[in-house]
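The structure appears below as structure tokens.
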Amino acid sequence: MLYQLDQEIIFPHPKLANEDGLLAVGGDLSTERLLLAYSHGIFPWYADDTPILWYAPKERFVLYPNEVKINKSMRQFMRNTKFQVHQDRSFRKVIEKCASVGRKDQDGTWITEEMQKAYIDLHVKGYAHSIETYDENDVLVGGLYGILVGNIFCGESMFSDKPNASKLALVHLCQNFNIALIDCQIYSEHLQKLGAKLINGEHYYQMLQQQTLNSNGF
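Take the sequence shown: its position 38, counted from the start at 1, is 46 in the working numbering, and no numbers get skipped.
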């Protein structure tokens, strides 16, 4: 059953999602609704030509920071690189880059202008964060962004203009913050190679219930 949302800021329980994870349609991208969604394992994923669609997958693709896999070539890159990693210096640029990057088997982007504005608002209010990689000329060349729910980082997207730039940002997130879990949402081969794996969606939901939403949690 697909639930139709209205102006009331409320969601059905994630366990009521369809087999493909689709839970509800409609509503808006207000800060209040987005924070409620993420604190219950729900996230928006839709295109410009569709209404807002809300998902709560039956299985969750996650990365435990202490299980991140850094292969030999990446370790060598990290030892020798002049790249620098920073937090929250250019959130707007990171989300714009993520929206514009081309992706295999994907026509266009799901990071619509409406979504960009909503997540920038979340960032201004201290709930959304970016990890950014800069080259030796201080040019932004990679990064990722997401929502922090307690010590769970709900990753939204990442981009890389130079080899290993987004990997470096992800490894930095794993190694330098008190993060218990990174929610990658949906399976990708790239993240699987870095150590991400599928877990039961109900287990993920239970973990979220132990978290407290605080702004500026980093």
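A virtual CB, placed ideally from N, CA and C, is assigned to each residue, including glycine.
Here the structure is a predicted model, which is why all the values come from computation and not from measurement.
Exercise for review: Please list, in chain order, all residues of the same chain as Cys182 whose beta carbon is under 6 Å from its beta carbon, the five residues on each side excluded.
Suggested key: Position 174 of the sequence shown, counted from the first residue, corresponds to residue 182. Here the set comprises Pro73 and Val76.
Review point. Does the Cβ-Cβ distance between Leu31 and Tyr11 come in under 8 Å?
Key: The residue given as residue 31 occupies position 23 in the sequence shown. The residue given as residue 11 occupies position 3 in the sequence shown. Against a cut-off of 8 Å, the Cβ pair of Tyr11 and Leu31 comes out as a contact.
Review point. Smallest Cα separation from Gly203: which of Glu210, Ser223, Ile190 and Tyr212?
Key: Taking the first residue of the sequence shown as position 1, residue 203 is located at position 195. The shortest C-alpha separation from Gly203 is found at Ile190.
Point to revise | Euclidean distance between Cα positions of Gln124 and Ala136 | key: Along the sequence shown, read from residue 1 onward, the residue named residue 124 stands at position 116. Along the sequence shown, read from residue 1 onward, the residue named residue 136 stands at position 128. Each residue's alpha carbon lies about 11 Å from the other.
Point to revise | Residues near Phe185 in its chain [Cβ-Cβ closer than 7 Å; skip 5 each side] | key: In the sequence shown, counting from the first residue as 1, residue 185 sits at position 177. Excluding the 5 residues flanking it on each side, Phe185 has same chain C-beta neighbours closer than 7 Å at Phe226, in chain order.
Check your understanding: Got a sec? Which residues, its chain only, sit under 6 Å from Thr120 by beta carbon, not counting five neighbours each side?
Key -> Within the sequence shown, numbered from 1, the residue matching residue 120 stands at position 112. Here the set comprises Asp56.
Exercise for review: Pick out whichever of Leu176, Lys133 and Asp36 has its Cα sitting closest to the Cα of Asn88.
Suggested key: Within the sequence shown, residue 88 is the residue found at index 80, counting from 1. The candidate whose alpha carbon is nearest that of Asn88 is Leu176.
Practice item. Take every Cβ of the stretch 192–209, pair it with every Cβ of the stretch 62–69, and state whether three or more of those distances are shorter than 8 Å. Key: yes
Check your understanding: Within 10 angstroms of its Cβ, does Asp14 collect 16 or more other Cβ (buried), or is it exposed?
Key -> Numbered from its first residue, the sequence shown carries residue 14 at position 6. Exposed, because fewer than 16 other Cβ atoms sit within 10 Å of the Cβ of Asp14.
Point to revise | Assigned exposure category for Ser223 - 16 Cβ within 10 Å defines buried | key: Taking the sequence shown and counting its residues from 1, one reaches residue 223 at position 215. Answer is exposed; the Cβ neighbour count stays below 16.
Exercise for review: Within its chain, find whatever has a CB closer than 7 Å to the CB of Phe167; leave out the 5 residues flanking it on each side and keep chain order.
Suggested key: The residue labelled residue 167 in the question sits at position 159 within the sequence shown. The residues are Lys105, Cys106, Val109, Gly150, Gly151 and Ser174.
**Study point:** Contact set for His131: own chain, Cβ-Cβ below 6 Å, skip 5 residues either direction
**Key:** One-based indexing of the sequence shown puts residue 131 at position 123. Around His131: Phe99.
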